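Asks: Sequence order for the protein chains is A and B. To convert, note that position 135 of the first sequence is 134 in numbering that gives the first Met the number 0; the numbers rise steadily by one, no gaps. To convert, note that position 56 of the second sequence is 55 in numbering that gives the first Met the number 0; the numbers rise steadily by one, no gaps. The structure's right below; bear with me while I get my questions together.
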Amino acid sequence: MSRWQRYLFGPVAALRPFLLARLFLLMLAVDIWIDFIPHSGPYGVGGFDVAHFSWLDAIFPVPTPALHIGVLAAAGFLLTVCALTGLHRPLLLIACLLFTYGWAMSQHDSYQHHYLLSLVLLCVAFLPRVRAEEVAAPPRTATTSAWAYVLLGTQIAVVYLWTAIAKMDSDWVSGSTITRILLGDPDHTTTASDSIFLWVRSKAGLWPTLAVATIVLEAAMVIGYVFAVGQDRRGGGWSRFACWAFWGVAALLHIGIILAPLRIGIFSLYMLLFACVFLLPLPALARVAAVAVRPARRLEARLDRVVDRSGSRTFFVVEALVLAVLMEFFAVNVDVPGASAGLVAAAGVLLVFAAWEAWRGSVAEARRRNRGAAVFIALSAALVYTCDVPYRVYASIAQARYFVDDPRDVLPLYRKALSYMPKSAPDARLYNNMGDLMHQMNRVPEAIDQYQAALRIDPNAAYAHVNLADALMSVRRHDEAIEHYTQASRLEPQNATMHYNLAYALQTRGRIPEAIEQYRQAIRCAPDMILAHNNLATLLLSDARPEEAAVHLREVLRLDDKSVSALNNLAWFLATHAGRTEADGQQAMEFALRAATLTRRSDPVVLGTLAEAYSAAGDQKQAVATAEEALGLARTQDQPRLVAQIQKRLDRYRGTAGSGPFLKY
Amino acid sequence: MPQDPAPVARTPDALQRRWIGVAVALFLLAQLLLPLRYYLSPPTSDERFAWRMFSSVRMRDCTARLYETIERDGKTIEEPVPPATLAHWRDLLDGNRPEVVEAVMRSFRRRPGVRAVRFELKCRGVDGRELPTEGWVMESADGSPRRVEGRSP
């Protein structure tokens, strides 16, 4: 044998592939139910998709949540059966194909480690089949040739190699990236304030060291995995010591990532599993493995006992029928879109293979698979309901469709999600969003009920207070609305919108001084908030404080030089205030002319202001002509009060008495 | 270490060993070379299959905005697309995933009355520095996005 072949086919403790296959398959099956499936919501939203490979888009352009869930549920089923009853290459290859399609069908799933999991699954499919009884007896030193195990170890080394290389950029080495990961981004840290990172934050010199240390540790893992796959043929001594050291490095790296806490699901647990299986010296692994091997051995023995008693094909057929009924019952009762079809199809595939085995004389094997499937049903039922999978799936779909689809289509999804919502962890946002949908559908009393339900769960939910207040405003319950706007602004005092909403409600009730104060608060929080400047200016004008109003109107024009109301109102102020100069008149004329151009001279109020500006600038002839134009428009638009005002102004331009202001609200 | 190894599975024969050895070597070579696709191609924020975990590109703080050019009252105007309608693609748009950006732009460009779609990305680097605004415009629903300055044309 060449050196390469000795490396690839040399003996490996059988315990290692046994543990790797069983634990990895179970972990992945659980991961599918608790992490993959509940993230199906965005699939197909908006009527298009982007797969990881463009040819997948050609095959199935718009995958739906049901397809995503069905494919993954089928994969999870096959993985569990193989984990419980032993590896079955065709079933594992089918599961690998389904799982890979599950993440590859859309870039909504963009976790890089899902690609690694597919590679691991592919390798597991080619592992030798090791039964628990073969590794159960101490000292558990049986060996096997397992090229797929060696391949997987080397593959993991390749991944570490590239992750180390990828970190050799200036941002990582300087410590900027790691600082941002651990402290800077709220999306990637959750409990920084009460963790050790708060203390570490002050140690600026630590971050570059930590960053470089990460690269060194990852590089060490490359050597570790390449070295450790052959440890069982090298013996103890320094080799065992080195493997312990590599295992320590892996544990440090991945326990560190778990503590970090990064949003990468249970990826670090997979890596810790690989570290234990590949890197731990055999005696240590055998001691740890006793915990896992014993129940597996017991399960196998129980299945074997049943099979020994009745190894006939008739019993296989009876069991298969019972299994089919059980699976149908389970699939129908798992209220998760697509799961039913996926599970029934996968059970069908399993039964075909089992029947094939039974027909070829391996009735015991076939019956073992049936039993494994029955255990899957029990395990999955427990998992689905203890982990609130239906709730999380419907909440995910409803939230993804909330902004895009017709409220009438989204509402039933929210109802479903609410019907499964765990009482121990109710979510105010679901009630709030359902309220929003009902508000959009003009079902205001029901919307109010939903917002109130949200506030019963979380009385400090500022968004629910605002939405409830909006709904109350729409049914003219202004005072109650003001109460909720007030609470929202107290809960989020730095949020300009909260103050603006309160100000507007107060303005509606004629509580002008309080409204002015709230508009000022809004502007303090967001100096560029045009609406707040504009409304404040309008209130100040009506409160006979034109100089203050002019300041805010100029601010509006700085932010939006096409604001007709600001142009009009500022023009009016400049044309009419007590201490106006000729320059004020000229500027008033400019502003009013811009407003008139923007409105295509179709707004009698703006033309009235323009007439006043001409008059202030001393051009009475133009003032009269423009006022006559405004008068005509006001008459055409049937605005008798405006007609009377313009008429009085017109009389003044012709040498008679004046009238009130032309303010645009 | 086993005193007396008891093999569970047989070692493949010489022919099998040769073919499996070649296949495994090719597989590993492919895995070694695949990430080079990222490093050797023009700069991109698409880091898939390159094993760039927690890279500085991914850790940038970016905000993507989409604008559509429409005709209203005889005038051509550019309006921002409400960010909420993009919520389901938000992470990938902020992450500037090229294929997703193009598909989202195309889906908006195909809407009735939309003449062009502009995508704008404002980012701060991991050190908090503001990076130059990037922008793309899609004028034809069948064409590719054209790179433009980030500001409104």
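Glycine residues also receive a C-beta, built at the ideal position from the N, C-alpha and C atoms. Quick caveat: nothing in here was measured; it's all calculated off a predicted structure.
Check E119(B) in the structure and name its three-state DSSP category.
Replies: Strand.
Asks: Say whether the segment 65 to 72 of chain B touches the segment 113 to 121 of chain B, bearing in mind that this needs 3 or more beta-carbon pairs closer than 8 Å, one atom from each stretch.
Replies: With a cut-off of 8 Å, the segment 113 to 121 of chain B and the segment 65 to 72 of chain B count as touching, because enough Cβ pairs lie within range.
Asks: Of all the CB atoms in chain B, is at least one closer than 8 Å to the CB of P185(A)?
Replies: In this predicted model, P185(A) has a pLDDT of only 42, less than 50, meaning its place in the structure is not dependable; the value taken from the coordinates is given anyway. No, because no Cβ of chain B sits closer than 8 Å to the Cβ of P185(A).
Asks: Secondary structure at W135(B), three-state DSSP: helix, strand or coil?
Replies: Of the three classes helix, strand and coil, the one that applies to W135(B) here is strand, per DSSP.
Asks: Could you give the DSSP three-state label for T10(B): helix, strand or coil?
Replies: Three-state result, T10(B): coil.
Asks: Indicate the three-state DSSP secondary structure (helix, strand or coil) for V125(B) in the structure shown.
Replies: The answer is coil: DSSP assigns V125(B) none of H, G, I, E or B.
Asks: Applying a beta-carbon distance threshold of less than 7 Å, which residues of chain B neighbour V158(A)?
Replies: In chain order: W50.
Asks: Which same chain residues end up closer than 7 Å to D231(A) when comparing Cβ atoms and leaving out the 5 residues on each side of it in sequence?
Replies: Answer for D231(A): P10, V11, A12, T142 and L281, listed in chain order.
Asks: Please give me, in chain order, every unbroken run of the alpha helix (DSSP H) with length at least 4 that falls completely inside the segment 338 to 403 of chain A.
Replies: The segment 338 to 403 of chain A contains these whole alpha helix (DSSP H) runs: 338 to 358, 362 to 385 and 388 to 400.
Asks: When the distance is taken between beta carbons, is G40(A) closer than 8 Å to A399(A)?
Replies: Their beta carbons are under 8 Å apart, which means A399(A) touches G40(A) by this criterion.
Asks: For L649(A), which residues of its own chain have a beta-carbon under 6 Å away from its beta-carbon, when the five flanking residues on both sides are left out?
Replies: Cβ neighbours of L649(A) beyond the five flanking positions: A626.
Asks: How would you label E217(A), buried or exposed, when you count the other beta carbons within 10 angstroms and need 16 or more for buried?
Replies: E217(A) should be labelled buried.
Asks: Could you confirm whether any beta carbon from chain A is found closer than 8 Å to the beta carbon of E98(B)?
Replies: With 8 Å as the cut-off, E98(B) counts as an interface residue toward chain A.
Asks: Under 8 Å between C-beta atoms, does P41(A) make it to chain B?
Replies: Answer yes: the Cβ-Cβ gap between P41(A) and chain B drops below 8 Å somewhere.
Asks: Less than 8 Å between CB atoms is the rule here; does T99(A) satisfy it with respect to chain B?
Replies: By this cut-off, T99(A) is not an interface position.
Asks: What are the boundary residues of the alpha helix (DSSP H) that S541(A) is part of?
Replies: First-last of the alpha helix (DSSP H) with S541(A): I529 to S541.
Asks: When burial is assigned at 16 or more other CB atoms within 10 Å of the CB, is E138(B) buried or exposed?
Replies: Counting Cβ neighbours within 10 Å, E138(B) comes out exposed, since fewer than 16 surround it.
Asks: Examine the Cβ distances between the segment 34 to 48 of chain A and the segment 159 to 175 of chain A and report whether three or more of them are shorter than 8 Å.
Replies: Verdict: no, contact absent.
Asks: Going along the chain, which residues of the segment 116 to 136 of chain B sit with their C-beta nearer than 9 Å to a C-beta in chain A?
Replies: Within the segment 116 to 136 of chain B, the residues whose Cβ lies closer than 9 Å to some Cβ of chain A are G124, V125, D126 and G127, listed in chain order.
Asks: Go to V11(A), then tell me how far its beta strand (DSSP E) extends in each direction, as first and last residue.
Replies: Its beta strand (DSSP E) spans residues P10 to A12.
Asks: Distance, Cα to Cα, L66(A) vs R391(A)?
Replies: Between L66(A) and R391(A), the C-alpha separation is close to 17 Å.
Asks: Find the residues of chain B that neighbour Q638(A), judging by a C-beta separation of less than 8 Å, and give them in chain order.
Replies: Near Q638(A) there are no residues of chain B at all, since even the closest Cβ is about 22 Å away, more than 8 Å.
Asks: Using a Cβ-Cβ cut-off of 8 Å, state whether T208(A) counts as contacting chain B.
Replies: For T208(A), the answer is no, since every Cβ of chain B falls outside 8 Å of its Cβ.
Asks: Give, in chain order, every residue of the segment 146 to 177 of chain A whose Cβ lies closer than 7 Å to some Cβ of chain B.
Replies: Those residues of the segment 146 to 177 of chain A that come within reach of chain B (Cβ to Cβ, closer than 7 Å) are W146, L150, T153, Q154, V157, V158, W161, T162, A165, D168, D170, W171, S175 and T176.
Asks: Identify each residue in the segment 99 to 125 of chain A for which the Cβ-Cβ distance to at least one residue of chain B is less than 7 Å, and report them in chain order.
Replies: Residues passing the 7 Å Cβ filter: Q106, S109, Q111 and Y114.
Asks: When the Cβ atoms of the segment 70 to 90 of chain A are set against those of the segment 336 to 350 of chain A, are three or more pairs found closer than 8 Å?
Replies: Enough Cβ pairs lie closer than 8 Å, so yes.
Asks: Please determine if the segment 22 to 35 of chain B and the segment 80 to 87 of chain B are in contact, where contact requires at least 3 C-beta pairs separated by less than 8 Å.
Replies: The segment 22 to 35 of chain B is not in contact with the segment 80 to 87 of chain B.
Asks: By Cβ distance below 7 Å, which residues in the same chain neighbour P185(A) in space, the five residues on each side in sequence not counted?
Replies: Confidence at P185(A) is low in this model, with a pLDDT of 42, below 50, so its placement is unreliable and no value can be given for it.
Asks: Cβ of A212(A) within 7 Å of any heavy atom in the ligand MN?
Replies: Annotation note on the ligand MN: not contained in the displayed structure, which lists no ligands.
Asks: For the segment 65 to 95 of chain B, which residues have a CB atom closer than 7 Å to at least one CB atom of chain A, in sequence order?
Replies: Correct list: A83, T84, A86, H87 and L91.
Asks: Kindly indicate the opening and closing residues of the beta strand (DSSP E) around P188(B).
Replies: With chain B covering only 0 through 152, there is no way to say anything about residue 188(B).
Asks: Consult DSSP for Y224(A) and reduce its assignment to one of helix, strand or coil.
Replies: Looking at Y224(A) - three-state DSSP - the assignment turns out to be helix.
Asks: Check each candidate in T132(B), R47(B), R89(B) and F107(B) and name the one with the smallest Cα separation from D141(B).
Replies: If we check each option's Cα against that of D141(B), F107(B) comes out closest.
Asks: Less than 8 Å between CB atoms is the rule here; does T180(A) satisfy it with respect to chain B?
Replies: Here residue 180(A) is Ile; the residue named in the question, Thr, does not match the sequence. Yes, its Cβ sits closer than 8 Å to a Cβ of chain B.
Asks: 8 Å is my cut-off, CB to CB: does W36(B) come that close to chain A?
Replies: According to the sequence displayed, residue 36(B) carries Arg and not Trp. Not an interface residue.
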